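First the structure, in the form of structure tokens, and then the observations on it.
Protein chains: 2
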Amino acid sequence: MSNWYSENRENIVVSTRIRLARNLSGLPFPSRMTAEQFSELNEKVKEAIFESNTPFAKSMSFIYMDSVPEIEKYSMVERHIISPEFAANSKGRAIVISEDESVSIMIGEEDHLRIQVILGGMGLEEAYDIAERLDYLLCDRLNVAFDSELGFLTGCPTNLGTGLRASVMLHLPMLENSGEISSLADSVGKIGFTVRGMYGEGSKATASFYQVSNQITLGISEKNAIDNLKLIAMQLIEKENKARETLNKLKTEDMCFRALGTLQNARLISGNEMMKLLSGIKLGADMGIIKVKESPIKLFIEGQPYMLMRKFGEMGPDERDIYRANMIRETLN
Amino acid sequence: MSNWYSENRENIVVSTRIRLARNLSGLPFPSRMTAEQFSELNEKVKEAIFESNTPFAKSMSFIYMDSVPEIEKYSMVERHIISPEFAANSKGRAIVISEDESVSIMIGEEDHLRIQVILGGMGLEEAYDIAERLDYLLCDRLNVAFDSELGFLTGCPTNLGTGLRASVMLHLPMLENSGEISSLADSVGKIGFTVRGMYGEGSKATASFYQVSNQITLGISEKNAIDNLKLIAMQLIEKENKARETLNKLKTEDMCFRALGTLQNARLISGNEMMKLLSGIKLGADMGIIKVKESPIKLFIEGQPYMLMRKFGEMGPDERDIYRANMIRETLN
């Protein structure tokens, strides 16, 4: 199965994500919904999708979260399919998900529907197109709450209007090292964009990965929001590339090959160390300094705690350090 | 050329060294000798060795230190053939040296003659036998200062008597890590032995290598001194081995393979880091945890600054870090 993290892209842009927040009229927001109402919501969405008889419907699965084991649930968070909040409050909820996991709908997160499209690399328009088609399908069949002045009504006023959150995940080790990323984050914050860590809201930057997303959903069209985000991302990419030009080739080679040597040899490796080393390797691979057998991002995701337990069974952190090291060593040698 | 550091010995004992201090009657000690007297001394020793027509004579070279370039001179210190003091004060001096460098005589160091035999592994009797034969040869042909009560007269009273310094170099990472080595050094100090760093008197322990040697030369036979040293060394080896039994296998494997991975991949490596990593690799190799293509001790010596410059030409520390990394990488891959 190919998905957003499985291909080896030699690029600063790791992935693109589009999220649309939608709610149905006649039901309270999820924070106030009863078990019966969740059930009603689930069945309405299920029916809308599967009775549409579109190509979408054929490629999608409907999954009741109560049937999903904890490990699988949190591994979905690690694969960026569901939010940590949804994983923690999934009782009675459901998701709709495509086979390659690029398209999904969380039912009953902060909003009734959270449509998500996630693709590898820079693909804002493509991802939006897919999300829009799914949105049309749902709006055609469900009574989606829409106000002619305010636009789509949402659980949180920050999503009111388009309900769109578009984001790109960038790998910015040089801007991080120089400290420039914080002033850049402040600047883009002033014009309605946010720079956050890999796992979204409130999460810290992990191994130099940053999510840049639009903040404003009211009074701006989807196209404008996406175009502006792309401009911002392109500027950050240009700055990162400029900074990379100043790198000492030998020292960078040394750093990359040491990271590779450690990953190819360690018998124990923590998640934090793995992420740090893979970040260094990604920098080297993107700069053409080293070749790696596997996408560093794929290893990054597959080395996360729940992803490891999904593959090798439940275990504690110490044992995970062993399985993580083995998995990486076998992949890279 | 095979010498004390070139063979891969999987053992705590790295090397054995025997040194005999001898002086000629009728000449002041080197600290008070004139240029003419150094010249006289050199020629006397040269004659004694080469006119003996023994197998020794055929395998030995006589080298005037004034003809030895600085880099070669200090690389001899790094190979443990001459002392740092001799390298720094070598004007007018000479050495006699065997092809494999295991047997040598510094002429005009602290004493007129410093006979040295250095062998890989534990070989105190063997090394002493060789030194003794050379000593007999010299004593037969030169007027060696000997007092029937005091024994051999030496420049420093601490060598008076046998003029013998026997030492073994041990690799004691576990006793070092636990801090036990300092109390052990204190204890053996009380019974006439010293524990010092790799490069002798006043040198700090480098990468867990320690030289243990006899301190007492008066009122004790050579055989007793050597036997006692061997006993002390065996006790230290036993303690180190005991401590190794408590090691966590996985963590030790992890440490060893990481060290190997770094050495096989780094593009820049300082002398200190190299020594530290090779010490880890030696521990792993000695415990049968990893196999290495080359003796860690050989790499250790060949990665020293002057040894590198001897092979690749004069250069600064930064450039040496590159050549060191290349040399190690090419050897270990």
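So the protein sequences, as listed, match chains A and B.
For the first sequence, position 62 (counting from the first letter as 1) is numbered 62 according to this note's numbering, and the numbering increases by one without interruption.
For the second sequence, position 5 (counting from the first letter as 1) is numbered 1005 according to this note's numbering, and the numbering increases by one without interruption.
Virtual Cβ for every residue (Gly too), placed ideally from N, Cα, C.
Just so it is clear, the structure is predicted and the values come from calculations on it, not from any experiment.
Is DSSP giving residue i helix, strand or coil here?
i         : result
A:Leu278  : helix
A:Thr246  : coil
B:Gln1037 : helix
B:Gln1116 : strand
B:Met1065 : helix
B:Ile1289 : coil
A:Ile82   : coil
A:Thr54   : coil
A:Met76   : helix
B:Arg1093 : coil
A:Arg324  : helix
B:Ile1130 : helix
B:Ile1018 : strand
A:Met255  : helix
B:Met1122 : coil
B:Ile1269 : coil
To the nearest angstrom, how far is it from the Cα of residue i to the Cα of residue j?
i         : j         : result
B:Asp1100 : B:Ala1131 : 15 Å
A:Ser213  : B:Ser1279 : 49 Å
B:Ile1018 : B:Met1327 : 31 Å
B:Glu1294 : B:Asn1008 : 7 Å
A:Leu134  : A:Pro55   : 11 Å
A:Gln264  : B:Ser1067 : 48 Å
A:Arg320  : B:Phe1086 : 55 Å
A:Leu299  : A:Ile269  : 13 Å
A:Ser182  : A:Thr262  : 30 Å
B:Cys1256 : B:Thr1158 : 41 Å
B:Ile1191 : A:Ala259  : 48 Å
A:Ser31   : A:Cys156  : 11 Å
B:Ser1167 : B:Leu1020 : 12 Å
A:Leu332  : A:Lys230  : 33 Å
B:Asp1111 : B:Val1144 : 11 Å
B:Glu1222 : B:Asp1129 : 11 Å
A:Leu41   : A:Gly108  : 8 Å
A:Met174  : A:Asn248  : 12 Å
A:Arg141  : A:Lys46   : 11 Å
A:Met309  : A:Met169  : 25 Å
B:Ile1095 : B:Thr1154 : 18 Å
A:Leu124  : A:Met275  : 26 Å
A:Tyr5    : A:Ile71   : 19 Å
B:Leu990  : A:Ile12   : Here chain B comprises residues numbered 1001 to 1333, so residue 990 of chain B is not present and cannot be evaluated.
B:Pro1069 : B:Ile1237 : 39 Å
A:Ser102  : A:Gln116  : 8 Å
B:Glu1149 : B:Gly1161 : 9 Å
Check the Cβ-Cβ distances between residue i and every residue of chain B, and say whether any is below 8 Å.
i        : result
A:Gln215 : no
A:Glu337 : Outside the modelled stretch of chain A, which goes from 1 to 333, sits residue 337 of chain A, for which no answer is possible.
A:Leu250 : yes
A:Arg22  : no
A:Phe86  : no
A:Arg17  : no
Where DSSP assigns a beta bridge to residue i, which residues make up the other side?
i         : result
B:Val1013 : B:Leu1170
B:Asp1147 : B:Gly1151
A:Thr162  : None, per the DSSP bridge assignment.
B:Ser1213 : B:Ser1167, B:Thr1194
B:Leu1236 : BP columns for B:Leu1236 are empty, so no partner.
A:Met315  : Answer is none; A:Met315 lacks a bridge partner.
B:Met1106 : B:Ile1095, B:Arg1114
B:Thr1206 : B:Phe1209
B:Leu1024 : B:Val1144
A:Met60   : A:Ser98
Does residue i get closer than 8 Å to chain A when you measure Cβ to Cβ?
i         : result
B:Thr1389 : For chain B, the structure presents residues 1001 to 1333; residue 1389 of chain B sits outside this window and is missing.
B:Gly1261 : yes
B:Leu1113 : no
B:Ala1266 : yes
B:Arg1165 : no
B:Phe1257 : yes
Fill in: Residues in the stretch 1128-1147 of chain B having any Cβ partner in chain D nearer than 8 Å
Annotation note: the requested chain D is absent from the structure, which comprises protein chains A and B.
Fill in: Members of the stretch 304-328 of chain A near chain B, C-beta cut-off 8 Å
Taking 8 Å as the Cβ-Cβ cut-off against chain B, the residues of the stretch 304-328 of chain A that qualify are Ile322, Ala325.
Practice prompt. Select from the stretch 269-299 of chain A all residues with a C-beta closer than 9 Å to any C-beta belonging to chain B, and list them in chain order.
Written response: Ile269
Fill in: chain A contacts from the stretch 1027-1046 of chain B (Cβ-Cβ distance under 9 Å)
none
Discussion item. Which residues of the stretch 222-238 of chain A have a Cβ closer than 7 Å to any Cβ of chain B? Give them in chain order.
Written reply: Per Cβ criterion, the list is empty.
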